[in-house]
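In this note's numbering, the protein residues as written are 565 to 861. We put the beta carbon where it would ideally sit given N, CA and C, even for glycine. Please read all numbers here as calculations on a predicted model, not as lab measurements. Read through the structure below, which is laid out as structure tokens, and then see the notes.
Okay, structure coming up:
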């Protein structure tokens with residue numbers, strides 16, 4: 565209970581104005597929102613650029629428009645982007661090499677698995693796409709993290725994704741600084757504005773315990789988030805804090821048709837819950853230590 569809580573703010577993702585108009589999209593909006601989240605208590609920021617179709621140098625420029633300013637003003641900021649949409653995984657992560665070279669980073673990302681993502685059609689039946697990441701894709705992402713000295717953020721959409729991560733961990737091949745992000749699928753899933761189609765495990769006590777059974781004895785830091793719902797309206801947030809976990813929040817995943825909060829307001833909720841449970845909020849220095857990040861390059 566004395567371990568500081570890492571609060572990560574995923575500030576936009578693919579959330580568009582029709583889902584929540586407070587999600588920052590333009591560079592100047594991202595800069596202002598990041599500073600508000602950091603001031604509120606977040607120690608990690610995850611952000612998307614507005615066009616995921618751009619890769620390499622072109623894809624990096626979509627981030628640099630905001631992040632040059634952020635890193636210049638607050639050089640210890642811990643942050644990471646998302647994947648671009650390339651012909652293969654190497655192209656999809658090629659912008660990260662540019663970002664690491666030009667403004668420095670200490671975190672990376674890896675989506676270690678595949679799943680169906682979508683929403684309901686007019687009959688309430690699932691429609692959408694297959695989000696596919698092969699074992700070879702995972703190896704490529706981890707190799708980049710090792711080469712650049714970055715700690716990978718490990719998105720866990722489904723239990724099988726965690727088992728893949730653990731295979732690398734048990735083999736001693738998981739890059740240093742990794743953090744497991746447990747994604748729970750609420751009623752609206754990743755993108756929908758109508759309920760009924762989601763992914764993974766629901767945000768319940770037993771679902772969290774199933775993941776913790778897999779993590780038992782690994783010592784890997786982990787966080788929880790709820791996609792297509794409100795993390796703080798579920799039992800998962802408090803249970804995670806009581807069991808030593810961390811919080812992944814923000815408008816990338818939050819959706820409530822009756823409420824349109826800002827990212828800073830959601831971070832405020834996370835900080836308040838930490839205080840209620842009796843755990844301190846992690847600083848950037850705490851987060852570097854908790855994740856055991858490689859030295860900055």
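- In the displayed model, residue 627 falls within a helix according to three-state DSSP.
- Burial state of residue 636 is exposed, judged by a 10 Å Cβ sphere holding fewer than 16 other Cβ atoms.
- Residue 575 is a Cβ neighbour of residue 598, given a cutoff of 9 Å.
- Residue range 690-695 is occupied by the beta strand (DSSP E) that includes residue 690.
- When secondary structure is reduced to three states using DSSP, residue 648 falls in the coil class, being assigned neither helix nor strand.
- For residue 848, there is no enclosing beta strand (DSSP E); the residue is found in the alpha helix (DSSP H) stretching over 848-855.
- Between residue 673 and residue 627, the beta carbon gap of about 13 Å keeps them out of contact (Cβ cut-off 8 Å).
- 629 is the residue among 743, 717 and 629 whose C-alpha sits nearest the C-alpha of residue 666.
- The stretch 775-835 contains, as complete beta strand (DSSP E) runs of 3+ residues, the segments 786-791 and 810-813 (chain order).
- If only complete runs of 3 or more residues are kept, the stretch 732-756 shows the beta strand (DSSP E) at 743-749, in order along the chain.
- Taking all protein chains in view, the Cβ of residue 581 is surrounded by fewer than 16 other Cβ atoms within 10 Å, so the residue is classified as exposed.
- In the structure shown, residue 612 falls within a coil segment according to DSSP collapsed to helix, strand and coil.
- DSSP, reduced to helix, strand and coil, places residue 717 within a strand of the structure shown.
- For residue 654, the closest alpha carbon among the candidates 732, 705 and 833 is that of 705.
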